[in-house]
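Here the protein sequences come in this chain order: A and B. Under the numbering used here, residues 1180 to 1517 are what the first sequence spells out, in order. Under the numbering used here, residues 152 to 258 are what the second sequence spells out, in order. Where a beta carbon is used, it is the ideal one built from N, C-alpha and C, also for glycine. Please read all numbers here as calculations on a predicted model, not as lab measurements.
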Amino acid sequence: MNTNTIHTDLCIIGAGPVGLFAVFEAGLLKMRCHLIDALPQVGGQLSEIYPQKPIYDIPGYPEVNAQDLVDNLMEQAKPFQPTFTLGERVDHLDKQADGSFIVTTSDKTRVHAQVIIIAGGLGCFEPRKPVLTNLEQYEGKGINYMVKNPETFRDKNVVIAGGGDSALDWTIFLAKVAKRVTLVHRNETFRGTPDSAAKVFDMANRGKIDLILSANLKEVNGNGKLEKVILEDKSKQDMTIDADYLIPLFGLSPKLGPIADWGLSIDKNAIEVDTRDYSTGVERIYAIGDINTYPGKLKLILCGFHEAAIMMHSAFKYVYPDQKLSFKYTTVNGVNAF
Amino acid sequence: MVTFTVEDHDGNRQEIEAPDDMGFNLMEILKASEYPVLATCGGMALCGTCHIEVLEGKDGLGDATDPELDQLENLPEYFPTSRLSCQIRISDLLEGAVVKLRGEDVV
């Protein structure tokens, strides 16, 4: 086996609220967890989409800010020392001869686990792509949807498209690194942070960047790799820009992704489970939280918490096949940290 | 009840009837009518996945609000009469309107 493989009892796909609480429930039963999430931070939708929104239906909290709930769940999971692989998408699942699994991510991280728990919410958040005919041809060959290593863009001609905070922030940042940054935005004004917008306008006035407003991406061209980005302005006039890189920044949207190809029973983008233990049709794979479906399913965080508790008692037999599970209250037993 | 028309991603149109006295929004009615609307954020105008274009009846429905524009401007494409359907309350203002699904298909 590859020496770089991470070994754990349970591999949880998705580090949202339900995945995080699952760590606590697993820990009570002495099972260790490794979590993988496509987003660069834990918390799932709560941290990515609505960190500052109040939630009113978490038992015991009349009102809790979404990010505070995530922070508290991390605190609650801490005694059980979960480990994380963040910013990587789970791509492959390979069953081993002994029934366990090896999970491989988009960045080739390998995780060996006895049980797989899919707590992926609505799927993994992936960048929204502009509708351009030959877009895919240049993906990875000049078109990047995120900035992983700014050095990639050193002394290059970079076109950034978008009008949100990330487009503004990366324009400001990459202007110091790239040969030339061109920001393309379809409107005359930006709705991002006023400070960032003001800075971008100021940089354009001082000739530090090229700012092209009221224009849309129309076409990308090149010879094996990206060379030209063609824009269309509001009077339908084309404009061609030399570009080594195009970074479209139009936010993220969830996709079920490779999970759809794992032989699980899927109905309307959700995984069908047995409500006795939230197991899928594939032995040792469970699905909890918003990603599962069953008669009467409610997509609520509190329902995902319930599913996590039930599911862990079922998964115990795969991690400790020789032990009998006895049910204990935390009020009696406390929380015994690893 | 109000009646309006929905055009799906393939251009097929269907008339939908919805109660205007139960506090529903258009996104909820679209989902209940089995249209492939993701509505990731559940109606908080925070994800843009319930994006629609108002083809007819725009005057009654008014313009997109600031929170809607914040999302719409982040999308790869949107239109002069784009709205987030979660922000349109089912009311008699929708009577006779035609809306086209523009959000990402869930499949």
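- The beta carbon of residue 1305(A) sits closer than 6 Å to the beta carbons of 1434 from its chain, once the five residues preceding and following it are set aside; these are given in chain order.
- For the segment 1283-1308 of chain A, the set of residues with a beta-carbon nearer than 8 Å to any beta-carbon of chain B comprises 1301, 1307 and 1308, in chain order.
- In the DSSP assignment, the residues bridged to residue 1453(A) are 1458(A).
- Rounded to whole angstroms, residue 1333(A) and residue 1356(A) show a C-alpha spacing of 5 Å.
- The segment 1180-1200 of chain A makes contact with the segment 1290-1309 of chain A: 3 or more CB pairs, one atom from each, lie closer than 8 Å.
- Remark: three or more beta-carbon pairs, one from each stretch, lie closer than 8 Å, so the segment 1482-1491 of chain A and the segment 1202-1212 of chain A are flagged as touching.
- In the DSSP assignment, residue 1271(A) falls within the beta strand (DSSP E) that extends over 1269-1274.
- The beta carbon of residue 158(B) sits no closer than 8 Å to any beta carbon of chain A.
- Distance from the Cα of residue 1378(A) is smallest, within the candidate group 1365(A), 1401(A), 1394(A) and 1344(A), for 1344(A).
- Exclusion of the five residues before and after residue 1313(A) leaves 1399 as the residues of its chain whose Cβ lies within less than 7 Å of its Cβ.
- For a cut-off of 8 Å, the C-beta gap from residue 233(B) to residue 204(B) is around 5 Å, short enough to register as a contact.
- Looking at the backbone, the Cα of residue 1370(A) and that of residue 1376(A) are separated by about 8 Å.
- For residue 199(B), a Cβ of chain A is located within less than 8 Å of the residue's own Cβ.
- Counting along the chain, residue 1492(A) sits inside the alpha helix (DSSP H) bounded by residues 1480-1498.
- For residue 1510(A), the number of other beta carbons within 10 angstroms of its own is below 16, and it is reported as exposed.
- Under DSSP, residue 251(B) shares a beta bridge with 158(B) and 204(B).
- Rounded to the nearest angstrom, the Cβ distance from residue 1288(A) to residue 1267(A) is 6 Å, consistent with a contact under 8 Å.
- The continuous beta strand (DSSP E) containing residue 165(B) extends over residues 164-169.
- Listed along the chain, the chain B residues whose CB falls inside 7 Å of the CB of residue 1310(A) are 227 and 228.
- Nearest Cα to residue 1409(A) within the set 1451(A), 1361(A) and 1440(A): 1361(A).
- Residues of chain B whose Cβ lies closer than 8 Å to the Cβ of residue 1224(A) are, in chain order, 191 and 192.
- Listed by position along chain B, the residues whose Cβ is nearer than 9 Å to that of residue 1375(A) form an empty set, because the closest Cβ is around 14 Å away.
- In the structure shown, the three-state DSSP call for residue 1227(A) is helix.
- Following the DSSP letters along the chain, one finds residue 1253(A) inside the alpha helix (DSSP H) bounded by residues 1245-1256.
- Scanning its chain for C-beta atoms nearer than 8 Å, with the 5 sequence neighbours on each side dropped, one finds around residue 1349(A) the residues 1326, 1339, 1426 and 1428, in chain order.
- For residue 1367(A), the three-state secondary structure derived from DSSP is coil.
- Looking at the backbone, the Cα of residue 1422(A) and that of residue 1352(A) are separated by about 18 Å.
- A residue is called buried once 16 or more other Cβ atoms fall within 10 Å of its Cβ, and residue 155(B) is buried on that count.
- Between the segment 167-186 of chain B and the segment 216-236 of chain B, the count of Cβ pairs shorter than 8 Å is three or higher; the stretches touch.
- Inter-segment contact for the segment 190-201 of chain B and the segment 1218-1238 of chain A is present: three or more beta-carbon pairs are separated by less than 8 Å.
- The C-beta separation of residue 1320(A) from residue 1405(A) comes to about 6 Å, placing the pair in contact by the 8 Å criterion.
- Around the CB of residue 1418(A), fewer than 16 other CB atoms lie within 10 Å, so the residue is classed as exposed.
- Annotation: the segment 1386-1474 of chain A contains the following complete segments of the beta strand (DSSP E) (minimum length 3 residues), in chain order: 1389-1391, 1394-1401, 1405-1412, 1417-1421, 1424-1427, 1431-1434, 1449-1451 and 1464-1466.
- Setting aside the 5 residues that flank it on each side, residue 221(B) has no residue in the same chain whose C-beta is closer than 7 Å to its C-beta.
- Under the Cβ criterion of 8 Å, residue 224(B) is counted among the residues facing chain A.
- Per the DSSP secondary-structure output, residue 1202(A) pairs with nothing in a beta bridge.
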